[in-house]
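Working notes, beginning with the structure itself.
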Amino acid sequence: MTRVLLISSCIAALLVASAGADTYIPRDLDDAHQQLMKIFSPKDIAHIKAMKSEDDMIEYHMGLGTGLRNDWGLWRGSRLSRWFNQRGIFHPDDMSGIIFDTFWDKLHGKPFRLQKKIAVYQKYWRDIEKQESHK
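With the sequence shown counted from 1, adding 131 to any position gets you my numbering.
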């Protein structure tokens with residue numbers, strides 16, 4: 132089962148990655164969720180619905196997440212990355228993490244708690260800056 136999910140995640144990532152310049156870039160978080168509904172197969176959606184925690188979405192970080200970060204221009208200032216920047220999120224890994232975590236929330240009928248998620252990432256980067264300044 133795990134191999135099938137891994138393979139389907141890799142295939143989805145390759146499909147997203149192969150789209151290149153013609154790839155649609157979502158406007159905002161809701162639009163990103165709509166695109167994920169198109170990318171994920173019904174089997175993948177069922178798998179996500181069976182997950183116990185949004186933390187389980189980490190399994191998509193490297194395969195599909197890498198494809199989304201690249202093709203949705205999260206490293207290059209796309210309109211979706213600007214949407215996140217306006218909310219205080221600047222690292223593409225954080226952006227894709229929020230996209231996946233809130234997608235899990237959506238499929239489970241849970242509130243997004245977007246401000247809380249943003250605050251966690253901002254605290255992480257503030258702590259990193261403090262550590263760097265004390266070296």
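Glycine residues also receive a C-beta, built at the ideal position from the N, C-alpha and C atoms.
Assigned exposure category for residue i - 16 Cβ within 10 Å defines buried
i: residue 219; result: exposed
i: residue 145; result: Confidence at residue 145 is low in this model, with a pLDDT of 48, below 50, so the placement of that residue is unreliable and no value is reported for it.
i: residue 135; result: In this prediction, residue 135 has a pLDDT of 45, which is less than 50 and means its spatial position is unreliable; nothing more can be read from the coordinates.
i: residue 212; result: buried
i: residue 168; result: exposed
i: residue 235; result: buried
i: residue 166; result: buried
i: residue 202; result: buried
i: residue 255; result: exposed
i: residue 171; result: buried
i: residue 184; result: exposed
i: residue 209; result: buried
i: residue 261; result: exposed
i: residue 259; result: exposed
i: residue 179; result: buried
Extent of the continuous alpha helix (DSSP H) run through residue i
i: residue 168; result: 160 to 170
i: residue 258; result: 245 to 264
Cβ-Cβ separation, residue j to residue i (assumed contact under 8 Å), whole Å
i: residue 205; j: residue 226; result: 5 Å
i: residue 237; j: residue 164; result: 6 Å
i: residue 223; j: residue 257; result: 19 Å between Cβ atoms; not a contact.
- Sequence ranges, alpha helix (DSSP H) only - wholly within the stretch 162 to 230, length at least 4: At a cut-off of 4 residues, the continuous stretches assigned as alpha helix (DSSP H) that sit fully inside the stretch 162 to 230 are 173 to 181, 194 to 202 and 210 to 216.
- Task: Report yes or no: do three or more beta-carbon pairs, one from the stretch 227 to 246 and one from the stretch 188 to 202, lie closer than 8 Å?
- Result: yes
- So, do the stretch 153 to 169 and the stretch 232 to 246 have three or more beta carbon pairs nearer to each other than 8 Å? yes
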